[in-house]
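The next block holds one structure in the form of structure tokens; read it before the comments.
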Amino acid sequence: MRAIENPNTYITGRLCRLGLIRICREVKNVENSEVNEQLRHISEVFSAILEERGLLESKLFPVNEYISLSCYHVYDYMYDLMKLVWGRITPEELAKRSKTLLSDVHALSITYQWLYYGLGRMGAVFNKHESDPSKEPEEKREQWKWILENWYRLSTAYFNTGKPTVASSGGVNLAFEEDTLGWIKNNLEPVKEEQVKKIRRSLGTIELYCFLEECEARAKLIDHGPYPYSNDEILVMSEFTRMYDGKGEQWLPWSNTEAKLPSSSLGVALTVKNATATFNDIGTMNIEPGDYSNLVTNACAYTKRGNKVVPIGLDELPAWAEAADAAQTELYMKFAEWDKKTAMIAGAVAYWRGFVRYTDQVGVTDKIDWTMAKHIEDEHIPFFMDNDADPAFLRFGRFDEDIEEDPTLYLLPE
Numbered sequence: 026m027r028a029i030e031n032p033n034t035y036i037t038g039r040l041c042r043l044g045l046i047r048i049c050r051e052v053k054n055v056e057n058s059e060v061n062e063q064l065r066h067i068s069e070v071f072s073a074i075l076e077e078r079g080l081l082e083s084k085l086f087p088v089n090e091y092i093s094l095s096c097y098h099v100y101d102y103m104y105d106l107m108k109l110v111w112g113r114i115t116p117e118e119l120a121k122r123s124k125t126l127l128s129d130v131h132a133l134s135i136t137y138q139w140l141y142y143g144l145g146r147m148g149a150v151f152n153k154h155e156s157d158p159s160k161e162p163e164e165k166r167e168q169w170k171w172i173l174e175n176w177y178r179l180s181t182a183y184f185n186t187g188k189p190t191v192a193s194s195g196g197v198n199l200a201f202e203e204d205t206l207g208w209i210k211n212n213l214e215p216v217k218e219e220q221v222k223k224i225r226r227s228l229g230t231i232e233l234y235c236f237l238e239e240c241e242a243r244a245k246l247i248d249h250g251p252y253p254y255s256n257d258e259i260l261v262m263s264e265f266t267r268m269y270d271g272k273g274e275q276w277l278p279w280s281n282t283e284a285k286l287p288s289s290s291l292g293v294a295l296t297v298k299n300a301t302a303t304f305n306d307i308g309t310m311n312i313e314p315g316d317y318s319n320l321v322t323n324a325c326a327y328t329k330r331g332n333k334v335v336p337i338g339l340d341e342l343p344a345w346a347e348a349a350d351a352a353q354t355e356l357y358m359k360f361a362e363w364d365k366k367t368a369m370i371a372g373a374v375a376y377w378r379g380f381v382r383y384t385d386q387v388g389v390t391d392k393i394d395w396t397m398a399k400h401i402e403d404e405h406i407p408f409f410m411d412n413d414a415d416p417a418f419l420r421f422g423r424f425d426e427d428i429e430e431d432p433t434l435y436l437l438p439e
């Protein structure tokens with residue numbers, strides 16, 4: 026990617042070319058106005074996700090606390106990390122590379138680009154700048170605009186709709202090209218209801234393991250679709266990545282369980298008749314009717330061996346589930362012994378390491394410190410040891426009219 030001498034001019038010029046700036050008056054004000062349109066949109070996306078899931082509570086992990094801790098770390102360090110990434114590949118090139126099965130860059134990891142930094146920024150403005158974004162250092166505002174510009178380029182090139190989010194795409198998560206869909210269709214085989222129920226049970230067990238290993242986060246899971254299959258059928262996929270199979274480097278410091286998955290990645294595709302599927306920006310799929318096992322007509326499973334995606338037998342899935350169940354039990358026993366501080370730091374590290382999905386793409390992972398910065402720990406851990414939520418979380422429960430005027434992710438001053 027070419028060097029950008031003046032980020033303001035670059036971003037504004039590109040937005041003009043895209044037709045997003047209606048009135049090109051004073052450069053700074055116009056630019057901030059257009060960025061604020063995106064901030065309003067992603068704030069709405071976040072609010073919808075939060076409404077669906079609610080504030081997160083757990084007996085094992087202080088989830089609210091570790092999310093805040095990690096997002097403060099991201100606010101300080103994500104810009105430098107992504108400078109390394111975008112200095113070696115353009116967002117458009119990475120999007121093209123990622124429109125494949127079992128890719129690490131997908132709707133959820135693309136959401137990382139704005140969500141983690143945005144929440145860290147929200148907390149910093151609320152707690153350090155009296156909820157006044159005009160008091161945020163100019164350097165941080167420019168970094169935020171640069172991050173958002175590159176996120177926008179990545180996402181609009183990744184999604185087949187050309188939109189920046191799943192929400193703005195109408196609740197569909199579509200990225201695969203015809204050759205990829207053709208490969209899936211060629212490997213589908215007819216299934217009966219009892220077989221589908223076994224497949225779904227296996228996937229549920231694998232999902233629980235993946236969720237727990239990421240300190241109760243969805244980072245390893247992504248759903249894709251719906252793609253048309255026939256007049257009354259849709260095609261959807263569920264994928265799992267970065268599972269522990271005992272080969273290569275372990276994903277997280279605690280990943281090394283005695284039980285090992287058959288491979289680090291797994292995908293399952295289903296065709297479903299007389300059903301609808303909607304998706305959100307954290308890669309979650311909702312199929313209606315909810316009890317759809319009797320509506321599934323075909324299925325296939327696949328994994329990655331080396332750099333090649335290969336089909337596997339549906340009858341192999343119970344072995345995956347058995348290994349996942351054993352690994353989950355090991356992890357639970359390990360996590361149950363941790364105190365709050367240890368669990369908090371672990372969850373924060375797991376969130377921060379989500380960006381390995383980007384650094385691995387360009388070979389710079391070893392240039393990043395993947396631990397929590399000491400100044401972040403020293404500043405925030407004492408508070409979170411005694412409190413279960415950041416004061417900035419007050420912005421989540423406001424009335425709609427307040428959010429309309431002042432979105433959750435603070436607007437830039439105009």
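If you use the working numbering, the sequence shown corresponds to residues 26 to 439, in order. Ideal Cβ positions, reconstructed from N, Cα and C, are used throughout, including at glycine. None of these values were measured; they are calculated from a predicted model.
Point to revise | Lys285 and Asp270 closer than 8 angstroms at C-beta | key: yes
**Study point:** Where the alpha helix (DSSP H) containing Val383 begins and where it ends
**Key:** Checking the sequence shown, residue 383 turns out to be Tyr, not Val. Segment 381 to 387, the alpha helix (DSSP H) holding Tyr383.
Check your understanding: With a Cβ-Cβ cutoff of 8 angstroms, do Lys392 and Leu126 count as a contact?
Key -> no
Point to revise | Contacting residues, own chain, Cβ-Cβ under 7 angstroms from Glu117 (five flanking each side not counted) | key: Arg178, Ala182
Exercise for review: Look at the alpha carbon of Leu246 and the alpha carbon of Met268, and state the distance between them as a whole number of angstroms.
Suggested key: 10 angstroms
Exercise for review: Taking only the alpha-carbon atoms, compute the straight-line gap between Trp139 and Met103 and give it to the nearest angstrom.
Suggested key: 10 angstroms
Review point. Can you name, in chain order, every residue of its own chain whose Cβ lies under 7 angstroms from the Cβ of Arg382, other than the five neighbours on each side?
Key: Asp129, Val130, Ser134
Review point. Are the stretch 154 to 162 and the stretch 189 to 199 touching, with three or more C-beta to C-beta distances below 8 angstroms?
Key: A contact is defined here as three or more CB-CB pairs under 8 angstroms, and the stretch 154 to 162 fails this definition with respect to the stretch 189 to 199.
Review point. How many angstroms separate the CA atom of Asp425 from the CA atom of Gly388?
Key: As the crow flies, the alpha-carbon of Asp425 is around 44 angstroms from that of Gly388.
Review point. What does a CB cutoff of less than 6 angstroms around Phe86 pick up in its chain, not counting 5 residues either side in sequence?
Key: Correct list, in chain order: Cys240, Glu241, Ala368, Gly372.
Check your understanding: Buried or exposed: Asn175, going by 16 or more other Cβ atoms within 10 Å of its Cβ?
Key -> buried
**Study point:** Euclidean distance between Cα positions of Asn212 and Met262
**Key:** 13 angstroms
Check your understanding: Would you call Glu430 buried or exposed, if buried means 16 or more other Cβ atoms sit within 10 Å of its Cβ?
Key -> exposed
Point to revise | Proximity winner among Phe151, Ser290, Asn323, Gly250, relative to Thr205 (alpha-carbon distances) | key: Gly250
Practice item. Report back the beta-carbon spacing between Gly148 and Val99 to the nearest angstrom; my notes put them in contact at under 8 angstroms. Key: Gly148 to Val99, Cβ: 11 angstroms. No contact.
Review point. Mind checking whether Ser72 and Phe409 have CB atoms under 8 angstroms apart?
Key: no
**Study point:** Uninterrupted beta strand (DSSP E) stretches inside the stretch 275 to 309 (no shorter than 3 residues)
**Key:** 291 to 298, 301 to 304
Point to revise | Limits of the beta strand (DSSP E) - the one that Asp13 falls within | key: Here the chain has residues from 26 to 439 only, and residue 13 is not among them.
Review point. To which residues of the same chain is Ser227 closer than 8 angstroms at the C-beta, ignoring the five residues directly before and after it?
Key: Leu342, Pro343, Trp345, Ala346
Practice item. Could you give the DSSP three-state label for Arg267: helix, strand or coil? Key: coil
**Study point:** Close-in-space but distant-in-sequence residues of the same chain around Arg47 (CB under 7 angstroms, 5 per side omitted)
**Key:** Confidence at Arg47 is low in this model, with a pLDDT of 32, below 50, so the placement of that residue should be treated as unreliable; the coordinate-derived value is given next. Excluding positions up to five away in sequence, the list is empty.
Review point. Does DSSP classify Val261 as helix, strand or coil?
Key: strand
**Study point:** Three-way DSSP call (helix, strand, coil) for Glu62 in this model
**Key:** helix
Exercise for review: Can you say whether Gly308 is buried or exposed, counting buried as having 16 or more other CB atoms within 10 angstroms of its CB?
Suggested key: buried
Check your understanding: Since Lys170 is in the alpha helix (DSSP H), which residue starts that stretch and which ends it?
Key -> 163 to 183
Review point. Exposed or buried, what is Lys121 when buried is set at 16 or more other beta-carbons lying within 10 Å of its beta-carbon?
Key: exposed
Check your understanding: Do Trp395 and Arg378 come within 8 angstroms of each other at the CB atom, strictly closer than that value?
Key -> yes
Exercise for review: Take Ala398 and list the residues in its own chain whose beta-carbon comes closer than 8 angstroms to its own, dropping the five residues that flank it on each side.
Suggested key: Sequence-distant partners of Ala398 (beyond 5 residues in either direction) whose C-beta falls short of 8 angstroms from its own C-beta, in its chain, are His98, Asp101, Tyr102.
Review point. Got a sec, what are the start and stop residues for the alpha helix (DSSP H) Pro407 sits in?
Key: 399 to 411
Exercise for review: Mark Ser255 as exposed unless 16 or more other C-beta atoms lie within 10 angstroms of its C-beta, in which case mark it buried.
Suggested key: Exposed, by the Cβ-count rule.
**Study point:** Where Tyr252 falls, given that 16 or more other Cβ within 10 Å makes a residue buried
**Key:** Classification for Tyr252: buried.
Check your understanding: So Thr328 and Lys298 are in contact, right, with Cβ under 8 angstroms, and what is the actual spacing, rounded?
Key -> Contact doesn't hold; Cβ gap of about 26 angstroms is too wide.
Check your understanding: Any idea what DSSP makes of Thr433, helix, strand or coil?
Key -> Coil.
Check your understanding: Under a three-way DSSP split, which group does Thr190 fall into?
Key -> coil
Check your understanding: At which residues does the beta strand (DSSP E) containing Ile337 begin and terminate?
Key -> Start and end: 333 to 337.
Check your understanding: So, is Asn281 buried or exposed, given that buried needs 16 or more other C-beta atoms within 10 angstroms?
Key -> exposed
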